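A quick write-up on the structure given underneath.
2 protein chains.
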Amino acid sequence: MRKGDHRLIQELNRSKVLNHIRREGPISRIALAKQNGISPSTVASAVQELIKEGYVSEIGPGSSSGGRKPILLRFNPDHHHLIAVAITNSRMLLARMNLEARVLAKAEYPISGVKGEAVAEFLVEHLDRFLTEDGVQSTCIGISVTVPGIVRSDEGIVLYNTKLGMNRVPLKRMLESRYGMKVWLENDMNSVVLAERQFGKYAYANLIYISIGDGLGSGILINETLLHGKHGGAGEFGHTSVNRGGVRCECGNVGCLDSYISWMAVYSRILTALTSGRTTQINELTGGDYTRIVPEVYKEALRRGDRLALDINEEVADHLGAAIVNLINMFNPEALVLGGEMGRDNEALLEKVRLYINKHAMPILREDLVFGMTSLGEDDKLIGAAAVLLQDLFGFSLMES
Amino acid sequence: MRKGDHRLIQELNRSKVLNHIRREGPISRIALAKQNGISPSTVASAVQELIKEGYVSEIGPGSSSGGRKPILLRFNPDHHHLIAVAITNSRMLLARMNLEARVLAKAEYPISGVKGEAVAEFLVEHLDRFLTEDGVQSTCIGISVTVPGIVRSDEGIVLYNTKLGMNRVPLKRMLESRYGMKVWLENDMNSVVLAERQFGKYAYANLIYISIGDGLGSGILINETLLHGKHGGAGEFGHTSVNRGGVRCECGNVGCLDSYISWMAVYSRILTALTSGRTTQINELTGGDYTRIVPEVYKEALRRGDRLALDINEEVADHLGAAIVNLINMFNPEALVLGGEMGRDNEALLEKVRLYINKHAMPILREDLVFGMTSLGEDDKLIGAAAVLLQDLFGFSLMES
DNA sequence: CGACTTTTTCCATAACTCGAAATAAGAAGT
DNA sequence: ACTTCTTATTTCGAGTTATGGAAAAAGTCG
């Protein structure tokens with residue numbers, strides 16, 4: 009924990025002023041002073057420094073009620089930029105973003121056959137090219153990387169990722185020594201829940217994000233802070249056992265939620281139905297080509313009211329609902345967000361799960377619970393990477409250094 | 009959030025010094041300065057104040073390696089005291105305790121037939137008498153109360169407790185206005201997990217306490233901070249559903265863990281076995297008197313290797329094990345502690361659950377996981393109440409005031 | 001145009017930490 | 001017993017930062 013010295017009070021006040029401008033701006037110096045309980049002189053000197061560093065700009069006079077017009081200040085998101093990297097199990101996204109998590113430039117590369125340490129090499133190779141682009145005026149704050157799997161964000165190590173075959177890869181150290189910039193590393197689900205809070209429509213301090221894709225993952229925010237657990241392994245929602253008599257999972261447990269409601273589970277149920285000759289609109293949507301059955305097709309079938317899709321959806325919703333009610337009882341969150349390839353835009357699923365929650369969760373815990381669909385677009389993991397960096401850049405903690 | 013001013017840095021340094029003496033003392037001023045990165049002069053002035061207030065005492069010279077002997081300082085737990093109140097569903101405990109959570113004086117009253125607002129009156133009545141005891145020299149810091157049920161500790165309100173019939177009782181406000189002292193209020197399980205960390209043998213920042221008694225409860229510590237959730241309703245471990253086809257629980261869910269492994273569930277299974285004529289040592293232990301079947305008897309039967317008790321234990325361990333593995337996957341804790349009437353000293357259960365964990369939890373999450381029995385005695389909830397107060401008294405937070 | 005308001009800037013002051021020096025007290029060698 | 005060295009504590013001046021009040025700047029309103 010930090011000690012108390014003059015640097016501490018100055019950094020704290022600076023951080024309070026900057027975040028207030030970020031969130032409530034445009035705003036005048038005097039309003040900043042009043043709303044934060046800091047004296048006008050202190051605000052003035054903090055603002056002076058922030059302007060010099062390019063984080064804040066004066067945008068001209070505001071309106072007055074009989075006196076000097078205030079000089080309004082706003083956060084300036086474009087004087088600096090950051091590099092966001094989102095690694096998924098199938099592709100790698102690179103982006104240059106501004107301090108409001110807007111994508112300024114983007115590149116995407118499929119990862120196929122690249123495993124283990126080679127993933128880091130693959131990243132470095134493409135990042136080299138991406139970073140040497142011309143015409144970038146603003147200064148770069150650093151690189152923020154999100155990866156699926158178990159990540160020790162404090163040490164910057166990818167501890168464990170089956171599909172990419174990564175095992176104790178010290179990605180942060182590798183990138184920092186190569187590029188001489190500060191590097192952040194975080195689990196992808198964790199990054200997205202931060203992003204939903206900061207840049208989405210879920211500005212809650214106790215927020216849970218649930219992603220249904222080829223696996224099932226979650227990111228959990230408690231008192232504005234990510235739940236990491238001892239090794240960064242918290243939030244393994246997909247390996248919650250929902251059936252003690254179920255099949256053994258690679259994680260060691262039995263009847264894992266993952267094996268009931270991930271895309272793989274849905275896909276195999278569709279295949280079983282198709283091979284047993286059941287009629288479904290999925291056939292028309294794909295022209296009978298099994299390889300063209302993807303989450304989008306399934307969701308389209310749902311929207312069209314296809315019986316098979318609806319049946320599967322019902323089953324998924326039941327399992328998911330039960331698991332989510334357990335989450336609600338354990339965490340008492342303010343809001344729950346559904347996302348991932350299977351969750352996104354899947355209104356049918358959202359509604360079914362909502363019904364389950366209303367029927368089974370404790371009234372006091374669900375009455376004012378917000379339950380909704382992800383509000384970030386397809387760049388969610390890039391925005392997540394940015395959110396991780398920005399939370400650290402603008403946040404204030406007694407723990408650091 | 010607090011602003012940065014001179015008071016902040018002084019309070020922070022004072023808090024660092026005091027806690028360092030509390031945890032590492034006896035210790036000299038110079039060692040405090042070195043280990044905290046604070047200058048000797050600052051330490052000296054902080055210590056001077058702490059001595060004046062009675063929190064710290066000089067205990068004489070330590071040993072030297074060729075120079076002036078250091079003056080050792082120790083935490084003085086007896087210059088102040090606090091009042092701890094533990095309300096359970098069946099009785100009320102009052103105690104005067106010192107700042108090391110040692111019980112100095114204790115009283116116990118059965119609560120029978122007292123419900124709702126009357127519980128508060130009952131408390132006040134006995135507390136009046138307890139507080140007017142003679143011979144108390146040290147100054148009283150305040151009153152700390154623990155209650156089962158859903159508690160809004162920030163607002164000091166007992167939101168909800170079925171068995172005591174309490175509903176939105178503003179206990180903190182009531183006691184503060186009557187006694188003119190600061191009052192703390194916390195859920196009982198939460199208080200105990202704090203106590204296990206501070207005064208028990210589980211000094212982990214990420215700790216989960218599980219209590220099996222007439223109900224099933226948990227207290228969860230994340231990064232040294234209690235998990236409260238939005239309304240203080242987090243940690244309702246007993247209402248985790250483990251069987252979607254199970255019986256409906258009063259909480260609204262189905263197949264709650266509570267209905268499988270609480271004392272009520274065990275008791276009813278014993279009764280069923282007895283009435284169906286099964287032979288068991290429980291008969292000998294109770295002389296056939298069903299009303300004398302209590303958790304202690306069941307645990308004694310277990311120790312004696314009674315077949316029925318062992319069978320029930322196996323079943324309980326299976327359910328509990330599955331639920332705990334889910335906890336491990338969600339929280340990735342450093343340590344898990346088992347307590348409560350059914351858990352305490354129940355080595356058979358501990359071992360069975362440990363086996364289940366080793367078989368089903370993800371290796372990376374369980375390898376260095378500590379799983380053990382509660383280390384606090386029967387005063388656990390009183391020590392818990394003290395821990396809640398002391399955490400707030402000695403801890404430092406940017407949030408307060 | 002003058003009186004009044006509101007915002008911003010400037011400056012002397014107070015509070016606190018820090019580092020160096022002074023003081024205190026004991027250890028070790030002669 | 002005396003000197004020298006080592007370590008701990010205290011003292012004091014310097015440095016840093018917030019603060020409150022005064023002054024300046026820039027409006028509004030009649």
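Protein chains in written order, with our numbering: chain A, 9 to 409; chain B, 9 to 409.
Backbone N, C-alpha and C define an ideal beta-carbon position, used for all residues, glycine too.
This one's a predicted model, so the numbers in the text were calculated from it and none came from an experiment.
>> Against chain A, which members of the stretch 232-260 of chain B pass a CB distance test of less than 8 Å?
In response: 233, 235, 236, 237, 238, 239, 240, 241, 242, 243, 244, 245, 247, 248, 249, 250, 252, 259, 260
>> If I follow the unbroken alpha helix (DSSP H) through residue 490 of chain B, where does it start and stop?
In response: An answer regarding residue 490 of chain B cannot be provided, because it is not within the stretch 9 to 409 covered by chain B.
>> Measuring only the C-alpha atoms, how far is residue 232 of chain A from residue 342 of chain A?
In response: 12 Å
> What residues in its chain sit with their C-beta under 7 Å from that of residue 271 of chain B, if we drop five residues either side in the sequence?
Replying inline: 221, 222, 303, 349, 350
>> Need the endpoints of the beta strand (DSSP E) that residue 160 of chain B sits in, please.
In response: It spans 158-160 - the beta strand (DSSP E) in which residue 160 of chain B sits, taken as one unbroken run.
> Considering only residues of the stretch 91-153 of chain A, which uninterrupted alpha helix (DSSP H) runs meet the minimum length of 4 residues and lie entirely inside it, listed in chain order?
Replying inline: 125-139
>> Using C-beta distances below 8 Å, list every residue in its chain close to residue 327 of chain B, excluding the 5 sequence neighbours before and after it, in chain order.
In response: 250, 265, 268, 269
> Curious, which full-length alpha helix (DSSP H) runs of at least 4 residues does the stretch 337-383 of chain B contain?
Replying inline: Segments of the alpha helix (DSSP H) lying fully in the stretch 337-383 of chain B: 355-368, 371-374.
> So residue 16 of chain B packs on residue 17 of chain A, CB below 8 Å; how close in whole Å?
Replying inline: 6 Å
>> On the CB-based measure, 16 or more other CB atoms within 10 Å of its CB, does residue 73 of chain B come out buried or exposed?
In response: exposed
> CB residue 372 of chain A to CB residue 109 of chain A, shorter than 7 Å?
Replying inline: no
>> Against residue 368 of chain B, what residues of chain A qualify as contacts under a CB-to-CB distance less than 8 Å, listed in chain order?
In response: Neighbourhood of residue 368 of chain B in chain A, by CB distance below 8 Å: 249, 260, 261, 262, in chain order.
>> Measuring alpha carbon to alpha carbon, tell me which residue in B:87, B:180, B:279, B:105 is nearest residue 131 of chain B.
In response: B:180
> Buried or exposed: where does residue 399 of chain A fall if 16 or more other Cβ atoms within 10 Å of its Cβ makes it buried?
Replying inline: buried
>> Spatial neighbours of residue 200 of chain A within its chain, please: C-beta separation below 6 Å, excluding the five flanking residues on both sides.
In response: 217, 227, 388, 392
> Given a limit of 7 Å on CB to CB distance, which residues of the stretch 34-47 of chain B reach chain A?
Replying inline: 44, 45, 46
> Along chain B, which residues have their Cβ under 8 Å away from the Cβ of residue 168 of chain A?
Replying inline: 372
> Along chain A, in chain order, which residues have C-beta atoms closer than 8 Å to that of residue 216 of chain B?
Replying inline: Under the 8 Å cutoff, chain A gives no residues; its nearest Cβ is about 10 Å from residue 216 of chain B.
> Between the stretch 152-162 of chain A and the stretch 170-190 of chain A, do at least 3 Cβ pairs fall closer than 8 Å?
Replying inline: yes
> Are the C-beta atoms of residue 379 of chain A and some chain B residue less than 7 Å apart?
Replying inline: no
> Can you list, in chain order, the residues of the stretch 135-149 of chain B whose Cβ is nearer than 7 Å to any Cβ on chain A?
Replying inline: Here the close residues number zero.
> Taking Cβ positions only, does residue 20 of chain A come closer than 7 Å to chain B?
Replying inline: Residue 20 of chain A counts as touching chain B.
> Does the ligand ZN have a heavy atom nearer than 6 Å to the CB of residue 225 of chain B?
Replying inline: The model depicted lacks the ligand ZN and carries no ligand whatsoever.
> Between the C-alpha atoms of residue 215 of chain A and residue 248 of chain A, what's the straight-line distance to the nearest angstrom?
Replying inline: 19 Å
>> Counting only beta-carbon separations shorter than 7 Å, does residue 17 of chain B have a partner in chain A?
In response: yes
> Is the shortest distance between the beta-carbon of residue 342 of chain B and the beta-carbons of chain A less than 7 Å?
Replying inline: yes
> If you follow the alpha helix (DSSP H) that residue 37 of chain A is part of, which residue opens it and which one closes it?
Replying inline: 37-44
> DSSP state of residue 407 of chain A, grouped into three classes?
Replying inline: coil
>> For residue 174 of chain A and residue 125 of chain A, I'd like the C-alpha separation in whole angstroms.
In response: 7 Å
>> Which residue marks the beginning of the alpha helix (DSSP H) containing residue 238 of chain B, and which one marks its end?
In response: Where residue 238 of chain B is concerned, there is no enclosing alpha helix (DSSP H), given that its DSSP letter is neither H nor E.
> Listed from N- to C-terminal order along the chain, which residues in the stretch 64-90 of chain A have their beta-carbon within a distance smaller than 8 Å of any beta-carbon of chain B?
Replying inline: none
> What residues of chain A sit near residue 330 of chain B, judged by a beta carbon separation below 8 Å?
Replying inline: 249, 252
> So is residue 201 of chain A in contact with chain B if we call contact Cβ pairs under 7 Å?
Replying inline: So no, residue 201 of chain A is outside the interface.
>> Applying the 10 Å Cβ sphere with the 16-neighbour rule, what's the burial state of residue 314 of chain B?
In response: buried
> Are residue 80 of chain A and residue 67 of chain A closer than 7 Å when you measure CB to CB?
Replying inline: Taking C-beta atoms as the reference points, residue 80 of chain A and residue 67 of chain A count as a pair closer than 7 Å.
> Who does residue 228 of chain B pair with in a DSSP beta bridge?
Replying inline: Beta-bridge pairing links residue 228 of chain B to B:216.
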